[in-house]
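Protein chains in written order, with the numbering used here: chain H, 16 to 220; chain E, 16 to 220. Built from N, CA and C at the ideal position, the CB exists for glycine as well.
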């Protein structure tokens, strides 16, 4: 059977198909790059309608990455999907604290999720400027609280938890905050979506 | 803001909502567990219609895992999403060869994708009995070739590459093979879907 075996040609062809199928639905260049990469990752065109990017989000994220910002993710999966080699060019690193022993201990003691305890640990390091949450609404709620309390001022929040309990609400709450954000409205999202958004920004640089 | 903070309650409630919204669409118990976990991971009910499970797939996979089968994934993301602690109870391990130096070298020499070269490495270890492909159609095509040549006889193939070039075709080809398989028809799928399917089976044991 004949099939394309060259990765960059596969990706190029995929983006052509996506652009074609989006038809009249066009976007400003950088916003389009993010939305198309999310569709590329999910094969789900609904993301063209539910992905919301605050006006300052892309510029703020690019500036932060160029200045060596570190990225925090809520899951190992999201961390795993981010192009860390590309980030390292700017001296950036990705951290995920969910499996740390002190996080597990704190979560147990306080009766909260590990995702929440991990966010608390994340804001303890000033280098962490970009927060990427693809799974846990509780992490996004906790991050919102820290922002409102003035404990952290992220350069970008990618808030795309997927799910049926709290996900939509956690993202809706974010759209009212004065912080650069990218969210997916409603239930959809996930770790692959989170990583795709970060990579789309990395590939703009 | 009030929200559920106990992970197992969040999951329980999510599965209740999914079952309710599936309505008249019911499944045999174990098939339902897989489909619902995929929907839980994607918030996308289309998976109820496109997920195809061969009649022998679940029993074969359970038997293999209980016998200590190892799992191979095409991406680090899929590996990252699989519950490795649970698998280790049965002495199973997860491997992903995509970043191995010898794989990169072979791919370059032969002008094939790293995903294809990684599959070639994977079939070299007899302990690898479950093949999980969530991203690369080329890996699934290559695996199909090895099965047809009699070089490997998997106890389960989870074939759920996502995408616009080759993904649908790579999965369609699998439905004609005499091997236990779980696929998602069409373009949809991905690393999170792949991991959800494996975890659903692990949680049945």
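Contact belief for residue i with residue j at Cβ below 8 Å, rounded distance in angstroms
| i | j | result |
| --- | --- | --- |
| residue 131 of chain E | residue 157 of chain E | 4 Å |
| residue 113 of chain E | residue 133 of chain E | 5 Å |
| residue 143 of chain E | residue 87 of chain E | 5 Å |
| residue 127 of chain H | residue 166 of chain H | Not quite, the Cβ-Cβ distance comes to about 16 Å (not below 8 Å), so this is no contact. |
| residue 36 of chain E | residue 60 of chain E | 7 Å |
| residue 63 of chain H | residue 77 of chain H | With a Cβ gap of about 22 Å, residue 63 of chain H and residue 77 of chain H do not count as contacting. |
| residue 72 of chain E | residue 107 of chain E | Not confirmed; about 17 Å, so no contact. |
Chain B within 9 Å of residue i, Cβ atoms only
| i | result |
| --- | --- |
| residue 75 of chain E | Given the protein chain composition of this structure (H and E), no chain B is represented. |
Sequence-distant residues of the same chain with beta carbon closer than 8 Å to residue i, five excluded per side
| i | result |
| --- | --- |
| residue 48 of chain E | 215, 218 and 219 |
| residue 180 of chain E | 152 |
| residue 29 of chain H | 55 |
| residue 99 of chain H | 108 and 109 |
| residue 189 of chain E | 155, 159, 172, 174, 196 and 198 |
| residue 91 of chain H | 111, 113 and 114 |
| residue 22 of chain H | none |
Sequence-distant residues of its chain with Cβ nearer than 7 Å to residue i (five each side left out)
| i | result |
| --- | --- |
| residue 68 of chain E | 46, 49 and 197 |
| residue 208 of chain E | 53, 56, 57, 149, 175 and 199 |
| residue 129 of chain E | 113, 118, 119 and 122 |
| residue 79 of chain H | 144, 145, 170 and 171 |
| residue 75 of chain H | 170, 171 and 195 |
| residue 96 of chain E | 206, 207 and 210 |
| residue 8 of chain E | Residue coverage of chain E in this structure runs from 16 to 220, which leaves residue 8 of chain E outside it and unanswerable. |
| residue 191 of chain E | none |
| residue 33 of chain E | 51, 54 and 55 |
| residue 12 of chain H | Any answer about residue 12 of chain H is impossible in this case: the structure gives chain H only from 16 up to 220. |
| residue 101 of chain H | 217 |
Under 8 Å by beta carbon: chain E residues contacting residue i
| i | result |
| --- | --- |
| residue 198 of chain H | Correct list: empty, because the minimum Cβ distance to chain E is about 14 Å. |
| residue 92 of chain H | 92, 95, 96, 206, 207 and 210 |
| residue 50 of chain H | What residue 50 of chain H touches in chain E: nothing, since even the nearest Cβ is about 15 Å away. |
| residue 145 of chain H | Within chain E, no residue comes near residue 145 of chain H; the closest Cβ sits about 19 Å away, beyond 8 Å. |
| residue 86 of chain H | Chain E residues near residue 86 of chain H: none, gap ~16 Å exceeds 8 Å. |
| residue 162 of chain H | Within 8 Å Cβ-Cβ: nothing; residue 162 of chain H doesn't reach chain E, min ~13 Å. |
Helix, strand or coil at residue i [DSSP, three-state]
| i | result |
| --- | --- |
| residue 127 of chain H | coil |
| residue 150 of chain H | coil |
| residue 53 of chain E | helix |
| residue 218 of chain H | helix |
| residue 174 of chain H | strand |
| residue 86 of chain H | strand |
| residue 138 of chain H | coil |
| residue 97 of chain H | coil |
| residue 118 of chain E | helix |
| residue 208 of chain H | helix |
| residue 203 of chain H | coil |
| residue 213 of chain E | helix |
| residue 91 of chain E | helix |
| residue 113 of chain E | coil |
| residue 273 of chain E | This structure cannot speak to residue 273 of chain E, because chain E is shown only from 16 to 220. |
| residue 144 of chain H | strand |
| residue 47 of chain H | helix |
| residue 42 of chain E | coil |
| residue 164 of chain H | coil |
| residue 184 of chain E | helix |
| residue 179 of chain E | coil |
| residue 81 of chain H | helix |
| residue 104 of chain H | coil |
Cross-chain neighbours of residue i in chain E, by beta carbon under 9 Å
| i | result |
| --- | --- |
| residue 38 of chain H | Result: empty, since nearest Cβ-Cβ is about 15 Å, beyond 9 Å. |
| residue 32 of chain H | 179 and 180 |
| residue 203 of chain H | 57, 58 and 59 |
Residue i: contacting residues in chain E (beta-carbon distance under 7 Å)
| i | result |
| --- | --- |
| residue 29 of chain H | 178, 179 and 180 |
| residue 65 of chain H | Within chain E, no residue comes near residue 65 of chain H; the closest Cβ sits about 11 Å away, beyond 7 Å. |
Terminal residues of the alpha helix (DSSP H) in which residue i lies
| i | result |
| --- | --- |
| residue 62 of chain E | 62 to 65 |
| residue 197 of chain E | Counting along the chain, residue 197 of chain E falls outside any alpha helix (DSSP H), though it belongs to the beta strand (DSSP E) covering 196 to 199. |
| residue 27 of chain E | 22 to 37 |
| residue 58 of chain E | Segment: none, residue 58 of chain E is in no alpha helix (DSSP H) and carries neither H nor E. |
| residue 69 of chain E | Taken as a continuous stretch (DSSP letters only), residue 69 of chain E belongs to no alpha helix (DSSP H), as it is neither H nor E. |
Sequence-distant residues of the same chain with beta carbon closer than 6 Å to residue i, five excluded per side
| i | result |
| --- | --- |
| residue 182 of chain E | 152, 176 and 202 |
| residue 81 of chain H | 105 |
| residue 187 of chain E | none |
| residue 94 of chain H | 88, 109 and 111 |
| residue 141 of chain H | none |
Proximal chain H residues relative to residue i, where beta-carbon distance stays under 9 Å
| i | result |
| --- | --- |
| residue 113 of chain E | Within 9 Å Cβ-Cβ: nothing; residue 113 of chain E doesn't reach chain H, min ~11 Å. |
| residue 46 of chain E | Those do not exist, as residue 46 of chain E stays about 20 Å from chain H at its closest Cβ, beyond 9 Å. |
Residue i: contacting residues in chain H (beta-carbon distance under 7 Å)
| i | result |
| --- | --- |
| residue 148 of chain E | Residues of chain H passing the Cβ test: none, with the nearest at roughly 14 Å. |
Within chain H, partners of residue i - CB distance below 8 Å
| i | result |
| --- | --- |
| residue 68 of chain E | Under the 8 Å cutoff, chain H gives no residues; its nearest Cβ is about 20 Å from residue 68 of chain E. |
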